[in-house]
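These notes concern the structure reproduced below.
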Amino acid sequence: MTLALSRRHHRPWWMTNFGRDPFGDLFFDRLWPEWRGEAAEELTPSMDFCEKDGKYYLTAELPGVNKDDISITVEDGYLTVSGRKEEDKEEKGKDYFLKETRYGSFSRSFRLPGKVKEDKIDATYKDGVLTVVLPHEGETERKKIKIH
Numbered sequence: 002m003t004l005a006l007s008r009r010h011h012r013p014w015w016m017t018n019f020g021r022d023p024f025g026d027l028f029f030d031r032l033w034p035e036w037r038g039e040a041a042e043e044l045t046p047s048m049d050f051c052e053k054d055g056k057y058y059l060t061a062e063l064p065g066v067n068k069d070d071i072s073i074t075v076e077d078g079y080l081t082v083s084g085r086k087e088e089d090k091e092e093k094g095k096d097y098f099l100k101e102t103r104y105g106s107f108s109r110s111f112r113l114p115g116k117v118k119e120d121k122i123d124a125t126y127k128d129g130v131l132t133v134v135l136p137h138e139g140e141t142e143r144k145k146i147k148i149h
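Right under this line is the structure:
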């Protein structure tokens with residue numbers, strides 16, 4: 002599967018000049034690469050989770066991830082999507098000006114709002130997008146809480 006990833010480096014609050022960045026991302030990356038943090042390097046696919054017509058739908062953008070490297074599980078009321086993107090081998094002789102391609106593992110879990118029919122769950126993967134359809138058993142009850 003392929004992961005659609007964006008990377009934005011976070012600076013310490015005292016370097017942001019209260020919201021203004023006089024140096025920009027390019028300079029920050031080169032001057033203080035150790036402050037990029039692990040979070041900037043993680044694979045975190047974008048996902049949408051909704052309900053329609055008696056089914057829950059999970060859509061995940063996973064560009065670059067092979068289908069065989071994706072795992073979907075339902076256990077104890079949670080849906081978990083995990084996977085791995087292998088590192089691309091760099092070709093000798095290439096001088097990169099920018100390399101933002103990420104690799105590694107990811108795992109995202111969602112608490113299901115209601116009981117699902119596990120034997121009816123269906124998953125498809127096409128053009129880097131994973132779609133999981135989970136039919137559920139009956140209406141999920143929502144209770145509005147009044148704030149005093």
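The sequence shown begins at 2 in this note's numbering and counts up by one. No residue lacks a Cβ here, since even glycine has one placed at the ideal position from N, Cα and C.
Under the criterion of beta carbons closer than 8 Å, residue 107 and residue 46 qualify as touching, at roughly 6 Å.
In the structure shown, residue 120 falls within a helical segment according to DSSP collapsed to helix, strand and coil. Spanning the alpha carbons of residue 90 and residue 127 requires a straight line of approximately 24 Å. Counting the other Cβ atoms within 10 Å of the Cβ of residue 57 gives 16 or more, which makes it buried.
Taking 7 Å as the cut-off, the beta carbon of residue 125 is found no closer than this to the beta carbon of residue 60. Contact between residue 44 and residue 80 fails: their C-beta atoms lie close to 18 Å from each other, not under 8 Å.
Contact between residue 82 and residue 73 holds: CB atoms are separated by about 5 Å, below the 8 Å threshold. Between residue 49 and residue 129, the alpha-carbon positions lie close to 14 Å from each other. Taking residue 122 as the centre and dropping the five residues before and after it, the same chain places the C-beta of 135 closer than 6 Å to its C-beta, in chain order. By the C-beta density criterion, residue 84 is buried, having at least 16 other C-beta atoms within 10 angstroms.
By the neighbour-count criterion, in which a residue is buried when 16 or more other Cβ atoms sit within 10 angstroms of its Cβ, residue 86 is buried. Per the coordinates, the alpha-carbon of residue 119 lies some 25 Å from the alpha-carbon of residue 144. By DSSP's assignment, residue 134 forms a beta bridge with 58, 123.
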